[in-house]
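Heads up: the protein sequence lines correspond to chains A and B, in order. The opening position of the first sequence corresponds to residue 800 in the numbering used here, with each subsequent residue numbered one higher. The opening position of the second sequence corresponds to residue 800 in the numbering used here, with each subsequent residue numbered one higher. What follows is a single structure, written as structure tokens, with notes after it.
2 protein chains.
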Amino acid sequence: MTVADTVLSGPDGEVRIGDTHPFAIIGERINPTGRKVLSEQMRAGDMTMVMADAIAQVAAGARILDINAGVPGFDEAEMLSTAVKTVQSVVGVPLCIDSSTPAALEAAIPLAQGKVLINSVTAERESMERLLPLVARFGAAVIGMSNDEEGPQMDPQKRLAAAKKIVEAAADHGIPREDVIIDVIAMPIGAMPEAGRAMYETIRLVREELGCNVSCGASNISFGMPGRQEIDTAFLSMAILAGMSTAITNPMHRSVRKAILATDLLLAKDEYGSGWIADHRRETQSPASEQG
Amino acid sequence: MTVADTVLSGPDGEVRIGDTHPFAIIGERINPTGRKVLSEQMRAGDMTMVMADAIAQVAAGARILDINAGVPGFDEAEMLSTAVKTVQSVVGVPLCIDSSTPAALEAAIPLAQGKVLINSVTAERESMERLLPLVARFGAAVIGMSNDEEGPQMDPQKRLAAAKKIVEAAADHGIPREDVIIDVIAMPIGAMPEAGRAMYETIRLVREELGCNVSCGASNISFGMPGRQEIDTAFLSMAILAGMSTAITNPMHRSVRKAILATDLLLAKDEYGSGWIADHRRETQSPASEQG
């Protein structure tokens, strides 16, 4: 089956996710989970770090920005709304709204300019019933996690079956398959030696059988191992060759960004290396902005 | 077509090259081309650096060692013979004898213990007529460069045609296809944006149509670009996923070695990460032995 482009939009226009476009990094940094200073600022209504993270991630190559405002005990709808407005006041990229709370989505999505991506629905009946009507109502796209009530499965056929449930339920709500991006769920290679092969096979199956774009949260693959960055970068290059077209990750991590740019170059998505060379120049001119 | 293992041997026993085995690094360092000190030592009959390079490359993960003794104006047969004896006096891996001079091969190969790999024949009639009889006589394996009289071609079908000429000519000499490793010839991505895609397609074609193991000299892909190591490492991971099982490269380059080890891990060829973890320990214990 042909994989059709997923099209998102923001103040600066469209971003297309698909085989003929550069890999779409969804910047993951605007998320208070595990980030003490950001969390404290967001609780106090201070958006300084949110703005800085938005600008820095876009400068480092993020084509879409994930926004999460889940701080236990605080009003997610209000915090998410403020973050959405703040981010789009400083950058023009499409947004990935990271919440599974309908009230927060209903408050924040209308404030976002353009077509957003919602992160995420699972193949669990309750999750689909709660979120897919909102995806349809707002004309959004959605990330579908390929696990159902049984939890994440190693078997590529079982993951395909979970992904298919989401695509079919989405269709029942009038959401076309190109607006469903399937997350094939990276599992730790240290504990599960077949996790890499299973992912590459799942990517192939989801593309061929469902015609959907594929994403994942890449860093889980290296969980528990030493030298995680080198594992993550090899994994990303291989997953992109296998057909992955977008991922939620941190473009401020040099090795991740370099692996993605090199892979675009090697797949003829960066003709004559203009993107590669521009990143090299940017680094040479401002080494202080880099992180390991 | 199934790709059968290429089996080489040395004093310490067999090394198998193929899909179910860890990627086989052929250490490239023992080559006086462009290495002034090594060249001077070899000309003076001093094998100190040859020995050190042999030991260091095997410690860094080389499963086979390439030996080149081509110094203009000196007796290649004698120098190659001395290098072969020296290397196998300190390490037990199989050798890749890097010469296209029949007299040098005839002198050196009988001195090598086990089954060697000869580097390399091309699809040019003259090259095949000169070298394939020697490959057959010594029961060796051979690297076949996928270019003929027309030079290296971008078109995967043309490269396949050149590779097929070698496999057929080898068969005429009684050399089985598993003893022919096809080098699919990396070309510079900066000048030829399709070079990566063409390589991955050529790897697939050579495997499916000829059933041969595939190799390449990886670093040519990044020629002329800034940030070559990051391009090379992404390229290696992708080429291995596409089906490449061996390459002549430098295991002393940390990023190359790490990319190969990570790729083995991700393809379930390093169960529970024992190779990955051993390399991490080795680095932690002797950081001084590392190069960029």
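Don't be surprised by glycine CBs; every beta carbon is placed ideally from N, CA and C. Source: prediction; values computed, not measured.
Rank the options by C-alpha distance to the C-alpha of residue i and give the top, closest one.
| i | options | result |
| --- | --- | --- |
| residue 942 (chain A) | A:977, A:925, A:951, A:924 | A:977 |
| residue 823 (chain A) | A:1014, A:1077, A:1021 | A:1014 |
| residue 1012 (chain A) | A:1022, A:1033, A:962, A:992 | A:962 |
| residue 897 (chain A) | A:885, A:864, A:927 | A:864 |
| residue 915 (chain B) | B:1076, B:873, B:929, B:866 | B:866 |
| residue 935 (chain B) | B:918, B:958, B:969, B:1064 | B:969 |
| residue 1073 (chain B) | A:1055, A:1080, A:908, A:1024 | A:1024 |
| residue 944 (chain B) | B:933, B:1029, B:918 | B:918 |
| residue 1079 (chain B) | B:1065, B:840, B:1057 | B:1057 |
| residue 807 (chain A) | A:937, A:850, A:1038 | A:937 |
| residue 852 (chain B) | B:964, B:842, B:836 | B:836 |
| residue 952 (chain B) | B:994, B:1066, B:1043 | B:994 |
| residue 1017 (chain A) | A:986, A:1026, A:1040, A:974 | A:986 |
| residue 827 (chain A) | A:818, A:854, A:801, A:809 | A:854 |
| residue 834 (chain B) | B:819, B:1019, B:868, B:805 | B:868 |
| residue 857 (chain A) | A:891, A:879, A:832 | A:891 |
| residue 1068 (chain A) | B:814, B:825, B:992 | B:992 |
| residue 825 (chain B) | B:1081, B:1040, B:1059 | B:1059 |
I'd like to know whether the C-beta of residue i is nearer than 9 Å to at least one C-beta of chain A.
| i | result |
| --- | --- |
| residue 1090 (chain B) | Residue confidence is low: residue 1090 (chain B) scores 49 on pLDDT, short of 50, so the model does not pin down where it sits. Its coordinate-derived value is still stated next. Judged by the 9 Å Cβ criterion, residue 1090 (chain B) is not in contact with chain A. |
| residue 996 (chain B) | yes |
| residue 1084 (chain B) | no |
| residue 1060 (chain B) | yes |
| residue 1079 (chain B) | yes |
| residue 879 (chain B) | no |
| residue 957 (chain B) | no |
| residue 1032 (chain B) | yes |
| residue 894 (chain B) | no |
| residue 960 (chain B) | no |
| residue 1057 (chain B) | yes |
Cα separation between residue i and residue j?
| i | j | result |
| --- | --- | --- |
| residue 956 (chain B) | residue 1001 (chain B) | 7 Å |
| residue 803 (chain A) | residue 821 (chain A) | 15 Å |
| residue 931 (chain B) | residue 877 (chain B) | 22 Å |
| residue 1007 (chain B) | residue 812 (chain B) | 29 Å |
| residue 940 (chain B) | residue 895 (chain B) | 9 Å |
| residue 1064 (chain A) | residue 983 (chain A) | 24 Å |
| residue 989 (chain A) | residue 1071 (chain B) | 5 Å |
| residue 1054 (chain A) | residue 1048 (chain A) | 12 Å |
| residue 859 (chain A) | residue 839 (chain B) | 47 Å |
| residue 1050 (chain B) | residue 1028 (chain B) | 13 Å |
| residue 921 (chain B) | residue 1075 (chain A) | 33 Å |
| residue 965 (chain B) | residue 927 (chain B) | 7 Å |
| residue 801 (chain A) | residue 849 (chain A) | 38 Å |
| residue 973 (chain A) | residue 933 (chain A) | 11 Å |
| residue 875 (chain A) | residue 862 (chain A) | 24 Å |
| residue 967 (chain B) | residue 818 (chain B) | 23 Å |
| residue 1091 (chain B) | residue 1019 (chain B) | Bear in mind that a pLDDT of 43 at residue 1091 (chain B), under 50, signals an unreliable position, so the number given afterwards is only what the model happens to contain. Answer to the nearest angstrom: the Cα atoms are 18 Å apart. |
| residue 908 (chain A) | residue 1022 (chain A) | 33 Å |
Rounded to whole angstroms, how far is the Cβ of residue i from the Cβ of residue j, which I believe are closer than 8 Å?
| i | j | result |
| --- | --- | --- |
| residue 881 (chain B) | residue 846 (chain B) | 7 Å |
| residue 1042 (chain B) | residue 1003 (chain B) | 6 Å |
| residue 829 (chain B) | residue 886 (chain B) | 7 Å |
| residue 1033 (chain A) | residue 1036 (chain B) | 4 Å |
| residue 842 (chain A) | residue 870 (chain A) | 6 Å |
| residue 1045 (chain A) | residue 980 (chain A) | 6 Å |
| residue 1010 (chain A) | residue 893 (chain A) | Actually they do not touch by this definition, with Cβ atoms about 21 Å apart. |
| residue 1061 (chain A) | residue 998 (chain A) | 20 Å between Cβ atoms; not a contact. |
| residue 947 (chain A) | residue 923 (chain A) | 6 Å |
Any Cβ of chain B within less than 9 Å of the Cβ of residue i?
| i | result |
| --- | --- |
| residue 1029 (chain A) | yes |
| residue 822 (chain A) | no |
| residue 1037 (chain A) | yes |
| residue 1072 (chain A) | yes |
| residue 1054 (chain A) | yes |
| residue 1076 (chain A) | yes |
| residue 862 (chain A) | no |
| residue 865 (chain A) | no |
| residue 757 (chain A) | Past the edges of chain A, shown from 800 to 1091, lies residue 757 (chain A), and the structure says nothing about it. |
| residue 835 (chain A) | no |
| residue 1041 (chain A) | yes |
Consider the C-beta atom of residue i and the heavy atoms of the ligand NAD; say whether any pair is separated by less than 8 Å.
| i | result |
| --- | --- |
| residue 932 (chain B) | Judged by which ligands are present, the structure shown has none, so any question about the ligand NAD falls away. |
Chain A contacts from the stretch 922–949 of chain B (Cβ-Cβ distance under 9 Å): none
Contact residues within the stretch 981–992 of chain A, judged by C-beta distance below 7 Å to chain B: 988, 989, 992
Proximal residues, the stretch 846–860 of chain A versus chain B, C-beta separation under 9 Å: none
Residues within the stretch 1000–1026 of chain B neighbouring chain A, beta-carbon criterion of under 7 Å: 1024, 1025, 1026
Residues, ordered as in the chain, of the stretch 800–827 of chain B that lie near chain A by beta-carbon distance below 7 Å: none
Chain B contacts made by the stretch 896–922 of chain A, where a contact means CB separation under 7 Å: none
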